[in-house]
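Just below is one structure, and these are the notes that go with it.
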Amino acid sequence: MMNARRPYVAGAFYPDDRNELLKMLDLYMSQDFPQIKFKKIIGIIVPHAGYIYSGSTAAYAYNILRGIEKHDFIIIGPNHYGYPRHPSIYPDGFWETPLGDAKVDSDLSKVLIKKSGIIQEDREAHDIEHSIEVQIPFLQYIFNNNFEFAPIILGDQSMHTAKSIAETIYSLNRIPPVIISSDLNHYLSYDENNRNDDIIINDILKLNLTRYYDDINQYDITACGFGAIAVLMYITKRMGGKIRILHHSNSGDAFGDKRRVVGYGAFLSYIE
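In the numbering used here, the protein residues as written are 21 to 292.
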């Protein structure tokens, strides 16, 4: 298949067997979710760890996407390897998973490249990066592959870059839901990690980018996709929206080892 990205973390972060994967997603997506009223979805923030750790939390945000009419998305995550530094978009083709082939929105990708001035076409940057790949099966489960997406990963997660990408998205004639892929804090003890998670969660909800970046530096916040989160914060503020947290957990909740944990949050950005 032309320009098909092969799955890199199937069999590690999520099952590489279709039936096992569907069974796992059935479990996560059948939880007792809260009912939330809103006029418009701006986006969601979801974790990207192995499904056994963070899939249950991610489902709280993905549940919100059920029932939306237009099935196209911008997905933004970190480049965990830090190189290349430029925002990298996979411009066209398909992403393969055990649930089938997910189509990249080539028209949207071209518009984002043209409007931004900093987003560059770069397929290779996505080859071994998992932050977007782990989101695709959730979308395939909900929409049965009837969706398209524009995937962007960030090496440079500075406020300047986040604002630039946010302004590019805000300038679109129609803004599709923006899916942000990020875990929260990493590898502190259970209580310490929750304390640092509380700091960043509070900043996200307040939509104060300056305070957010200051706290990241002051408290050594280790949310891997902090710049991607900042993109949605900025868009939300520009659109007069709000962000609320739907669910928070960490790896210690899933497996009981509370010595070194990773935090996970599911958030909704919306207009009331």
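We treat Cβ as the ideally placed atom computed from N, Cα and C, and that holds for glycine.
Proximity below 7 Å, CB of PRO107 to CB of LEU159 = no
query = Is the beta carbon of PHE114 less than 7 Å from the beta carbon of ALA24?
reply = yes
key: Inter-residue spacing [alpha-carbon to alpha-carbon] between ILE220 and VAL66   = 14 Å
inquiry  = Would the region 208-215 count as touching the region 75-83 if we require 3 or more Cβ pairs under 8 Å?
reply    = no
key: Nonlocal neighbours in the same chain, by C-beta distance under 7 Å from ALA182, ignoring five residues either side   = GLY247, ALA250, VAL251, TYR254
ask   = Going straight from the alpha carbon of GLN51 to that of ASN83, what length do you get?
value = 9 Å
ask   = Per DSSP, PRO98 is paired with what?
value = LEU174
ask   = What is the DSSP secondary structure of LYS123, counted as helix, strand or coil?
value = strand
query = Looking at the unbroken alpha helix (DSSP H) that takes in THR230, where does it start and where does it end?
reply = 229-238
inquiry  = Considering Cα atoms alone, identify which of PHE58, TYR48, ALA69 is closest to TYR284.
reply    = ALA69
request  = Please check if any C-beta of chain C sits within less than 7 Å of the C-beta of PRO118.
outcome  = Absent from the structure: chain C. Only one protein chain is present.
key: Coarse secondary structure for ASP92, derived from DSSP in three states   = strand
ask   = PHE163 by DSSP, collapsed to three states: which one?
value = helix
request  = Please check the pair SER129 and ALA186, which I expect to be a contact at CB under 8 Å, by giving their CB distance rounded to whole angstroms.
outcome  = In fact, because the Cβ distance is near 17 Å, the residues do not count as touching under 8 Å.
In DSSP terms, what SER108 is bridged to = GLN140, ILE173
query = Between which two residues does the beta strand (DSSP E) carrying PHE287 extend?
reply = 281-291
inquiry  = Residues in the same chain with beta-carbon distance under 7 Å from ARG38, minus the five sequence neighbours each way, listed in chain order, please.
reply    = PRO118, LEU119
Per-residue burial, ALA32 [other beta carbons within 10 Å of its own, 16 or more giving buried] = exposed
ask   = Under three-state DSSP, which class holds HIS146?
value = helix
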